[in-house]
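Okay, so here's the structure we're looking at.
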Amino acid sequence: MKAEIIAVGSEMLTPYRLDTNSLLLTERLNRLGIEVVRKVVVGDDVGQLREAFREALGRADVVISIGGLGPTEDDLTRETVADLLGRKLLLDERVLRGIQERFRRFGRAMAEVNTRQAMVPEGAVVLENARGTAPGLWLEADGHIVILLPGPPRELEGMFADQVEPRLTERAGKVRLFARELRVAGMPESDVEQRIAPIYTRYPDAQTTILAVPGEIQIHLRVWSAEQAAAEALLNEIVERIALALGESVFSTRGETLEEVVAAQLALNSATIAVAESCTGGLVAEKLTTVPGSSTFFLGGVVCYSNNLKSAWVDVPTELIEAKGAVSSEVACAMAEGVRRNAGATLGLAVTGIAGPGGGTPEKPVGTVHIALGNGAATKERAFRFPGDRERIRQQASQSALDMVRRYFLYAAQPKGS
């Protein structure tokens, strides 16, 4: 089955609101074996809304709309769909009583305008809303299913799970989506594509998507099949070949984040870590502490932006900063060892750099970052030149810092002389 999603609301066409509901619906529909082939955002305009539904019904088996079911004049979804399908809108007394009761529970008088939410197209199944006043609607016409859902995520999620998903499960058939996600660090997208294109192009039954995000490349593999064993075997084969082609740059074959992988390695090796950050402003520490149980391996972090605090908090000699500059390999190494020693951690991780937009020089342009990792016996440091704006540079720096920790354990696990 094919599905289209229509997000309704002029606010979605501004820079201030983002449609996140369609992400949830896509994930849930794919799980049921229903492929989302298109998503559109439409403002509160009858003509445009009517055209969006008309086109969707010409392509998809299932059309799901989000929003436009409220009580105000700009909530047009219910009326537009009823008119398009040639259905009369009738007052549903049971729905109206439910809305009135909800207002009474909150000690408020229901405005007359809320009666609009009790108008139901002929032949529609009402989807009750336990968390709001706008009921959803399920309609069927000429072999198509039209589902109208409220916009607030809290209302939509509960309604879809409780009332829509069971109905769609009965209709979806046996075909399901099987997916795998590989994540790659330390390799540009063009290099990833060059290495793996000869592999994935041999498998026409699998859909392959390569996405570049700051600090990593994601490879998404998808197979639609009614045979789970065959689909899993196919995906495993592709994953194995891609992982072999990309080598140690692959940090996950099941979609784990880099911080999750690093956390697992720290826990496996009974190791602890402390971080000293300048240009990343605590981003490395924030990522590590999003992992449940991080208190077992993360001892703490220091954001030492100023030169004075680099000396006072992580013992970087002032003369070293004066001689080499705060953004240097020497200062990064001193920060890593200083935070490790002061925290009593197994590892000390440090980041210092120029995130911009100002502060760069011809010798050290914006995007220059030094990352160091020390274990008390030795300290490893790498210099980077990251492209992009301030936020992109910070994200890339934090990912590269975590990847340095991952590779530390990767190399430590290798036999001597390998």
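According to the working numbering, the stretch in the sequence shown is residues 14 to 431, in order.
We treat Cβ as the ideally placed atom computed from N, Cα and C, and that holds for glycine.
Asked                                                                                                                                                             : Found
Rounding to the nearest angstrom, what Cα-Cα distance links L259 and V205 in this structure?                                                                      : 7 Å
Would you kindly check if the distance between the Cβ of A95 and the Cβ of P148 is under 8 Å?                                                                     : no
Could you pull out every residue in the same chain whose Cβ sits closer than 7 Å to the Cβ of L433, ignoring the five residues on either side in sequence?        : Residue numbering for the chain in the displayed model covers 14 to 431; residue 433 lies beyond these limits and cannot be assessed.
Is G156 helix, strand or coil when you go by DSSP?                                                                                                                : coil
Counting only the same chain and skipping the five closest in sequence on each side, list residues whose C-beta sits under 6 Å from that of I452.                 : No statement about residue 452 is possible, as the shown extent of the chain runs from 14 to 431 and does not include it.
Do you know offhand how far R407's Cα is from V352's?                                                                                                             : 20 Å
Using the three-state DSSP reduction, which class does S431 fall into: helix, strand or coil?                                                                     : Note that S431 scores 41 on pLDDT, short of 50, meaning its location in the model is unreliable and no value can be drawn from it.
When the Cβ atoms of the segment 402–418 are set against those of the segment 281–296, are three or more pairs found closer than 8 Å?                             : yes
Using the C-alpha atoms, what's the distance from T309 back to L281?                                                                                              : 11 Å
If I'm right that V59 touches L89 with Cβ under 8 Å, what's the distance once you round it to whole angstroms?                                                    : 6 Å
I'd like the list of long-range same chain contacts for G56, defined as Cβ closer than 6 Å, with 5 residues on each side in sequence excluded.                    : S23, L26
Could you tell me if K187 is buried or exposed, where buried requires 16 or more neighbouring beta carbons within 10 angstroms of its beta carbon?                : exposed
If you follow the beta strand (DSSP E) that R395 is part of, which residue opens it and which one closes it?                                                      : 392–398
Starting from A16, trace the beta strand (DSSP E) both ways and give me its first and last residue.                                                               : 15–21
For K52, does the three-state DSSP call read helix, strand or coil?                                                                                               : strand
Hey, out of Q113, R208, R144, A246, whose CA is closest to A219's CA?                                                                                             : A246
What is the rounded straight-line gap between the Cα of R118 and the Cα of D175?                                                                                  : 23 Å
Spatial neighbours of V50 within its chain, please: CB distance less than 8 Å, with the 5 preceding and 5 following residues excluded, ordered by chain position. : K15, A16, E17, R72, A73
Go to T490, then tell me how far its alpha helix (DSSP H) extends in each direction, as first and last residue.                                                   : Here the chain covers residues 14 to 431 and nothing more, so residue 490 does not appear.
Please confirm whether I19 and V75 have their CB atoms less than 8 Å apart.                                                                                       : no
Which first and last residues belong to the beta strand (DSSP E) in which F191 is found?                                                                          : 189–197
How big is the Cα-Cα spacing for A339 and T365?                                                                                                                   : 7 Å
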